[in-house]
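Colleague: Going by this note's numbering, the first residue of the sequence shown is number 106, and it counts up by one from there.
Glycine residues also receive a C-beta, built at the ideal position from the N, C-alpha and C atoms.
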Amino acid sequence: MDTIRNSKKDLDGAVTLDHYVKREQLDLDEGDIVLKAILDKVGNKKKLQEKYNGPFCIMEINEETGDCKLNRITKSGRIAHKRLKGERIYTYAHIKQLKKFKTTLE
106 MDTIRNSKKD LDGAVTLDHY VKREQLDLDE GDIVLKAILD KVGNKKKLQE KYNGPFCIME
166 INEETGDCKL NRITKSGRIA HKRLKGERIY TYAHIKQLKK FKTTLE
């Protein structure tokens with residue numbers, strides 16, 4: 106009986122797995138508007154620069170790897186289908202590098 110009480114005390118002090126999960130899963134779908142994290146943030150002069158780039162529209166999501174195919178949204182709010190000089194049409198990023206874009210209406 107004492108062993109049961111001792112094991113119960115050990116379980117009461119145990120930390121659940123939810124405690125270690127740092128970031129919740131993002132519910133992103135195709136067509137959502139997101140911001141992409143800028144990964145090159147090291148250095149003294151980069152401290153006050155923007156942390157996110159965008160906005161982008163999600164074109165495809167690979168469910169196995171979590172990679173997303175992104176397309177830039179222009180200042181007028183349209184999806185940019187034409188390529189600017191020397192720039193790719195699509196950008197690829199992992200789903201953990203994305204953050205939902207909040208408009209002023211939300």
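By the 10 Å Cβ neighbour count, where 16 or more other Cβ atoms means buried, how is Val147 classified, buried or exposed?
Modeller: The residue is exposed, with fewer than 16 neighbouring Cβ atoms inside 10 Å.
Colleague: If we call anything under 8 angstroms between Cβ atoms a contact, is Leu175 one with Tyr157?
Modeller: No, Cβ-Cβ distance for Leu175 and Tyr157 is not below 8 angstroms.
Colleague: Does DSSP classify Ile184 as helix, strand or coil?
Modeller: In this structure, Ile184 counts as strand in the three-state DSSP scheme.
Colleague: Give the secondary structure of Thr108 by DSSP, where H, G and I count as helix, E and B as strand, and everything else as coil.
Modeller: If DSSP states are grouped into helix, strand and coil, Thr108 belongs with the helices.
Colleague: For Gly159, count neighbouring Cβ atoms within 10 angstroms of its own Cβ and tell me buried if that reaches 16, exposed if not.
Modeller: Buried, since its Cβ has 16 or more Cβ neighbours within 10 Å.
Colleague: Starting from Lys174 and walking both ways along the beta strand (DSSP E), at which residues does that stretch end?
Modeller: Taken as a continuous stretch (DSSP letters only), the beta strand (DSSP E) holding Lys174 covers Asp172 to Arg177.
Colleague: Excluding the 5 residues preceding and the 5 following Phe206 in the sequence, name in chain order all residues of the same chain whose CB lies nearer than 7 angstroms to its CB.
Modeller: Only Ile138, Val139, Leu140, Gly159 and Pro160 meet the Cβ criterion.
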